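Input: a single structure, listed below in structure tokens.
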Amino acid sequence: MKFERIYDITLTLGGDAPVYPGDTPYSREVRSSIEDGSRSNVSVLAMSAHSGTHLDAPRHFIAGAKTLDEFPAERFVVPAHVVNVDGGKCVRAEHLDGVAIERGDAVLFRTRNSTSGLIASGVFSENYVYVSPEAAEACVARGVSLVGLDYLTFDDYHVDGAPTHLALLGNDVLILETINLKDVPAGRYTLACLPLKMKGCEASPVRAVLMR
Ligand SMILES: [Zn+2]
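Quick note on numbering: the sequence shown equals residues 11 to 222 in our numbering.
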């Protein structure tokens with residue numbers, strides 16, 4: 011299959027990807043380099059499983075729940091809807107009104123986190139557009155398999171607990187965080203966001219693309 015256009019919605023580790031407060035930042039150490047006389051370039055990486063554009067599995071908030079290696083690859087390549095969220099401090103259930111979702115589709119919310127340039131600014135802000143628990147429950151009710159947001163986390167920074175994460179992860183819905191949808195028009199796409207296949211890990215960086 012040939013695609014007319016592929017949008018890369020991934021932020022760059024060691025580049026424009028912001029870091030969640032307290033999380034281990036991505037770093038790359040050069041272990042050997044051709045410039046210094048070695049036969050090859052070899053890097054060693056340090057980062058959080060939640061560094062940059064990444065997927066969260068149920069294990070992130072639920073003890074004993076599924077990790078990413080336990081999901082089949084089919085869950086990471088799915089039909090997707092990019093939905094514009096204009097104004098307001100959060101994504102609400104009404105934002106799904108009129109979106110022709112079929113069971114198993116992904117929904118990615120395009121908010122001012124992307125359109126203002128915040129997500130690619132390299133600086134963390136507490137005042138991002140989050141996903142309300144009601145919107146998460148509406149996604150579950152519509153059979154959505156994966157939800158994406160253009161920020162580092164889905165829950166309100168100022169609320170205790172993680173009601174939005176729990177509403178999604180508790181219903182086997184994957185969470186895609188830290189995507190940049192600035193240049194992506196609302197509409198239907200195929201999403202591909204394949205995580206590293208690490209044993210027992212609750213999250214993984216991904217290269218996320220939208221194709222159509
Ligand atoms: Zn995460």
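Ideal Cβ placement from N, Cα and C applies to all residues, glycine included.
The model shown is predicted, which means the values in this text are computed figures rather than measured ones.
- Task: Hey, could you find the ends of the beta strand (DSSP E) H38 is sitting in?
- Result: Looking at the sequence shown, residue 38 is not His but Arg. That run of the beta strand (DSSP E) goes S37 to S42.
- Exposed unless 16 or more other CB atoms sit within 10 angstroms - verdict on T77: With a threshold of 16 other beta carbon atoms within 10 Å, T77 meets it and is buried.
- Item | As assigned by DSSP and simplified to three states, the class of D46 | DSSP places D46 in coil when its eight states are reduced to three.
- Unbroken alpha helix (DSSP H) run spanning V150, endpoints: Taken as a continuous stretch (DSSP letters only), the alpha helix (DSSP H) holding V150 covers P143 to A151.
- Measuring from each Cβ to the nearest heavy atom of ligand 1, keep the ones under 7 Å and list them in chain order. Applying a distance threshold of 7 Å between residue Cβ atoms and the heavy atoms of ligand 1 selects H60, H64, D66, H70, T163, I185, E187 and A213, given in chain order.
- Item | Own chain partners of D26 with C-beta closer than 7 Å, once the 5 adjacent residues on each side are dropped | Non-local C-beta neighbours of D26 in its own chain, meaning closer than 7 Å and more than five positions away in sequence, comprise A130 and G132, ordered along the chain.
- Taking only the alpha-carbon atoms, compute the straight-line gap between R102 and L23 and give it to the nearest angstrom. Put simply, the backbone Cα of R102 is about 30 Å away from that of L23.
- Query: What are the uninterrupted segments assigned as beta strand (DSSP E) that are 3 or more residues long and contained completely in the segment 105-193, given in chain order?
  - Reply: Qualifying beta strand (DSSP E) stretches, in chain order: 116-120, 156-159 and 184-187.
- Message: Give me, in chain order, the residues of the same chain whose beta-carbon lies closer than 6 Å to that of A202; leave out the 5 immediate sequence neighbours on both sides.
- Response: Taking A202 as the centre and dropping the five residues before and after it, the same chain places the C-beta of V87 and V219 closer than 6 Å to its C-beta, in chain order.
- Could you give the DSSP three-state label for R222: helix, strand or coil? If DSSP states are grouped into helix, strand and coil, R222 belongs with coil.
- Task: Return helix, strand or coil for L78, following the three-state DSSP convention.
- Result: Of the three classes helix, strand and coil, the one that applies to L78 here is helix, per DSSP.
- Message: Contact between the segment 27-37 and the segment 174-182 is defined here as three or more beta-carbon pairs at a separation below 8 Å; is this criterion met?
- Response: Proximity of the segment 27-37 to the segment 174-182 falls short of the contact definition, fewer than three beta-carbon pairs being nearer than 8 Å.
- Message: Output needed for E112: all residues of its chain with C-beta closer than 8 Å, excluding positions within five of it in sequence on either side, in chain order.
- Response: So the qualifying residues of the chain are P89 and G153.
- Message: Suppose contacts are defined by Cβ-Cβ distances below 9 Å. Is T200 in contact with L159 by that definition?
- Response: No Cβ-Cβ contact shorter than 9 Å links T200 with L159.
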